[in-house]
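See below for the structure under consideration.
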Amino acid sequence: MATTQPSGVPVKPASRGGETLTFKALDKEDPEVAELIRQEYRRQGRTLELIPSENLASPAILEALGTLLTNKYAEGYPGKRFYGGCEVVDEIERLAIERAKRLFGAEFVNVQPHAGSQANLAMYMAVCKPGDKVMGLDLGCGGHLTHGSPVNFSGKLYEIHSYAVDRTTELIDYDAVQKEAEQVRPRMLLVGYSAYPRVIDFARMRQIADSVDAVMVTDMAHFAGLVAGGAYASPIPHSHIVTTTTQKTLRGAWGGMIFSATEEWAKKIDSSVFPGTQGGPLVHAIAAKAVCFKEALKPEFKEYARRVIENAAALAAKLQDRGLKLVSNGTHNHLMLIDLRPLRMRGRPVQDAADTVGITMNKNAIPFDEAPPFNPSGIRLGSPSVSTRGMGAEEMSEIGDCIGDLLENIDDPVNRDRIRERTLDLCNRFPIPYALD
Ligand code: DSN
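The sequence shown begins at 1 in the numbering used here and counts up one residue at a time.
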């Protein structure tokens, strides 16, 4: 954790930075872990979190997560468990299911996947046999590891035919996807992304899937919160199956879930999650999901989702004003990628330098990147966490200037000190919106 400025000057503490946070039992039982958790509270309070897959779960969600529900085994589903004593956790899971269906207007949902990759693993098991052909967005063009990367189970178990973005526009070229689908005739067409800064035409993707008798699956992990808040088109009416996480724009704790449109898929998905790929569900995490869905059903969540997109647009506009090149020339969602090639820079040193000035971002490949994944040619930025802190267009513009200034003079400690003052001022003016102490 940076407790000094790059030049060695101590940083002024941000308010609500966890300075006096105490834990009833942990401080006595394990002060070492307690202190490390306190340090992470401080770090989160004093930095601008721009990783687009991160956010700030509410105190109610954190409380639900940290309960004795973690003591309970509940293999099976509500009313059909393999263990006794499940009457209470049955109610919790039913509540989570009912709220998730209401939030997303879905017919069926399984809320047990431990995380997004587990949701995708179960989904693959439900849809495909090993060796089946799958088309998904290439990792370097913004797809996810589980969308067919050769180092992931998806790339090892299935015959992957990735689709790329167009080299010039850096957007998905639906005609090219159609052509590729006709050649490949995949069992599954996987839609969705981790680093694509635009909207997807789900209706068009469904037409493509139908034209080759493929199952269309959308992984909406990144934009689920925007869908829940009505700020981004929903893939649910267009997809056979939709997978997601709960911790990103949806602002819950870590977790996954799977939606489907029909009874036939519902049965396959349930048995793929348990016993297919998981044992007992994490019932404390399911309780936290139920709380997350209740929060996302509130009218103010719509306002948050709208602001996430507005704020990303404001940040992108400022970065472009500062002469930076963005992949696809902008954003229509919560994230954007800076192409560092015109600056002759790479992602890793930029990410490291940003850490020293209180801006957290991640290095990321850009389409057709020739640089290696550990030091790629891009950085990925997003607006969810700072939007949860209440920042608006003005602050996004200030953050854009901080990033512009950093990139202009990345090795100058005086420049970095100045930027650190500004990011700390933003953190102080927009503290994490609940007391950490
Ligand atoms: N690795 C996550 C992200 O940062 O986008 C997606 O699972």
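A virtual CB, placed ideally from N, CA and C, is assigned to each residue, including glycine.
As a beta-bridge residue in DSSP terms, Y77 pairs with K80. Per DSSP, S260 is one residue of the beta strand (DSSP E) stretching across 256–260. The C-alpha of L407 is placed about 12 Å away from the C-alpha of V357.
Between L48 and I399, the beta carbon gap of about 6 Å places them in contact (Cβ cut-off 8 Å). Of all residues, those with a beta-carbon under 5 Å from at least one heavy atom of the ligand DSN are S53, S194, reported in chain order. Contact between G143 and Y193 holds: CB atoms are separated by about 6 Å, below the 8 Å threshold. For D213, the secondary structure class from DSSP, reduced to helix, strand or coil, is coil. DSSP places N364 inside the beta strand (DSSP E), whose first and last residues are 362–364. The DSSP assignment places complete beta strand (DSSP E) segments of no fewer than 3 residues inside the segment 133–179 at 133–135, in order along the chain. By the CB criterion at 8 Å, I51 and G382 fall inside the cutoff. Pairing L326 with E29, the inter-Cα distance amounts to about 49 Å. Counting every other CB atom within 10 Å of its CB across the protein chains shown gives E394 a total below 16, marking it as exposed. DSSP places G382 within a strand segment (E or B) once states are collapsed to three. In the three-state scheme derived from DSSP, where H, G and I count as helix and E and B as strand, N375 is classed as coil. Three or more beta-carbon pairs separated by less than 8 Å link the segment 50–68 to the segment 237–254, which places the two stretches in contact. Taking the Cβ atoms as the reference, R307 lies roughly 7 Å from G392, within the contact range of under 8 Å.
Residue state for V273 is assigned as helix, using DSSP reduced to three classes. The beta-bridge partner set that DSSP reports for M125 is empty.
Fewer than three Cβ pairs drawn from the segment 248–264 and the segment 195–204 lie within less than 8 Å of each other, which leaves the two stretches out of contact. Under the DSSP definition of a beta bridge, G192 partners with D219.
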